Amino acid sequence: METYAAAAAHGLADRVRASQLPPPPERAKIRESSGASLRDFAEELGVSPMTVLRWEQGKSRPRMRRAIAYRRLLDAVKEAAA
Numbered sequence: 797m798e799t800y801a802a803a804a805a806h807g808l809a810d811r812v813r814a815s816q817l818p819p820p821p822e823r824a825k826i827r828e829s830s831g832a833s834l835r836d837f838a839e840e841l842g843v844s845p846m847t848v849l850r851w852e853q854g855k856s857r858p859r860m861r862r863a864i865a866y867r868r869l870l871d872a873v874k875e876a877a878a
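In case it helps, my numbering puts the sequence shown at residues 797 to 878.
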């Protein structure tokens, strides 16, 4: 069973990683290298494909909850492609 301190540390680590998303062009490269479409990422994240496109173009940034999920997805896709 995870302690409160460990859970808090994981939460903090997620927020730090989410605040340090890869640069927008790299986000698109990571997604494209996996063969995933904008729609695939959008469905996984519960947003529209246009929202993912704006994140990839640097026109907007996801809010924290979505940024955490987006970073996890990017990391998982990048790791799977390696």
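All residues carry an ideal CB built from backbone N, CA and C; glycine is no exception. Nothing here was measured: the structure is a model prediction, and the numbers come from that model.
Secondary structure at K855: coil, using DSSP grouped into helix, strand and coil. Classified as buried, A863 has 16 or more neighbouring CB atoms from the shown chains inside 10 Å of its CB. Residue S829 holds the alpha-carbon nearest to the alpha-carbon of A872 among R857, S829, P845, G842. Taking C-beta atoms under 8 Å as the contact rule, P819 and Q853 fail to qualify, at a distance of about 11 Å. Secondary structure of T799 (DSSP, three-state): coil. DSSP places S833 outside any alpha helix (DSSP H), giving it a letter other than H or E.
Look at S815 here: in three-state DSSP terms it is helix. In summary, T847 is buried, with 16 or more beta-carbon neighbours lying within 10 Å of its beta-carbon over all protein chains present.
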